[in-house]
Structure formats: structure tokens, C-alpha cells
Amino acid sequence: MAVKPQKGVRSVEEFKTQLHRHGLKATRPRIAVHTVMMDLVHASPDQVVERFREAGVKVTVASVYNILSELSDNHIYARRLSAAGKMFFDAIPEAHVHLYDRENHTYRDVVDEELSAIVEEHLGRRKFKGYSIEDIDIQFVVRPTKRKK
Ligand SMILES: [Zn+2]
0 MAVKPQKGVR SVEEFKTQLH RHGLKATRPR IAVHTVMMDL VHASPDQVVE
50 RFREAGVKVT VASVYNILSE LSDNHIYARR LSAAGKMFFD AIPEAHVHLY
100 DRENHTYRDV VDEELSAIVE EHLGRRKFKG YSIEDIDIQF VVRPTKRKK
């Protein structure tokens, strides 16, 4: 199956390398989930299951959720909690800025290295007593503007 990954997403070969690096086997279900994520990039477990159903493949939400969680625990993927309180997974684990469309429940990556740099520089001097910063997750919550005809 030759699926071209979306920009920034690892190819199947790169994904396999990642799995091995984390001591995980390149099992068929993991490869299948990644193949779907190569196209979706950001998805809730339901959305991944929907893709499998369209292709006539039977999977449970729980099994897909477990694979996505395991990949995120190993920093191969990342978790994104949407403004609607829904858990999404991101096939690109590196920190980046997002647009979250709260009407269509979709994510888009925003390329704004300047913004990330400004926040990181600012936070470099910031301390939160009793905590260490583990991750910076910038998400713009948007709704589509309706075009007038
Ligand atoms: Zn993303």
C-alpha cells in the first residue's frame, strides 16, 4: 500500500524505525493505524475507526485508542485535547501551533516559528512554583467564517 504521508508525518519506514527505537514491534495493527494517520494527521479514535470502516476493515474504538495512546506515551505521536474536550492524536509529536475548528472538529497545523520562539523565550524566564514545564501546546480555537454570495 503506497500512501504518501502528509507534510511532516513520518513514512511507514520511518515509523518502523521509531517503533524499534522505543522497543515496540512493527505489528500490523500499528502500521495500519499509522497508514491512516499519514493522511489524517490529526484524528480522534472515532475518526480513525471511520476510515477503517470505509475500507471495510473491522476494528474497535478501544483497540485504536490503545494503539494511539501507546504511540503517544512513547512520544511517537502526541495527544491534543480539543476545545470541545475530545481527545485527538497528532502524528507529528514535535511542538507546533494549531488551529482547532470547533464546528468541524478538525485541526490544522500553523507554521509560525516566530510565535513559538516568542513564547519559549518568554517562558524561559518564567517559573511556576512547584511545577516544571513539560510541554507548550498553543491552540487557536476558530470557527469557519461564512462566505457571502
Ligand atoms: Zn499538529
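With numbering that gives the first Met the number 0 as the guide, the letters of the sequence shown map in order to residues 0 to 148.
Just so it is clear, CB atoms sit at the ideal spot from N, CA and C, and this is done for glycine as well.
Bear in mind that the values here come from a model prediction, so they are computed numbers and not experimental data.
May I have the straight-line CA-CA distance separating S10 from Q17, to the nearest angstrom?
Those two C-alpha atoms are separated by around 10 Å.
Alpha carbon to alpha carbon, how far is R101 from P143?
Their Cα atoms are separated by approximately 9 Å.
Go through the segment 97–130 residue by residue and report every complete run of the alpha helix (DSSP H) that reaches 4 residues or more, in order.
Fully enclosed alpha helix (DSSP H) runs of 4 or longer: 112–123.
Alpha carbon to alpha carbon, what distance is there between V40 and K3?
Computed Cα separation, rounded: 12 Å.
Would you check if the segment 56–68 and the segment 23–34 touch, i.e. whether three or more CB-CB distances between them fall below 8 Å?
Taking 8 Å as the limit for Cβ pairs, the verdict is that the segment 56–68 does touch the segment 23–34.
My understanding is that R50 touches V35, with C-beta atoms under 8 Å, so please give their C-beta distance in whole angstroms.
Right, their Cβ atoms sit about 5 Å apart.
Could you give the DSSP three-state label for A25: helix, strand or coil?
The answer is coil: DSSP assigns A25 none of H, G, I, E or B.
Starting from Q17 and walking both ways along the alpha helix (DSSP H), at which residues does that stretch end?
Counting along the chain, the alpha helix (DSSP H) containing Q17 begins and ends at 11–20.
Checking 8 Å against the spacing of the C-beta atoms, do H97 and D108 come in under that value?
Yes, these two residues count as a Cβ contact at 8 Å.
Closer than 7 Å: is that where the CB of D111 sits relative to any heavy atom of ligand 1?
The answer is no for D111.
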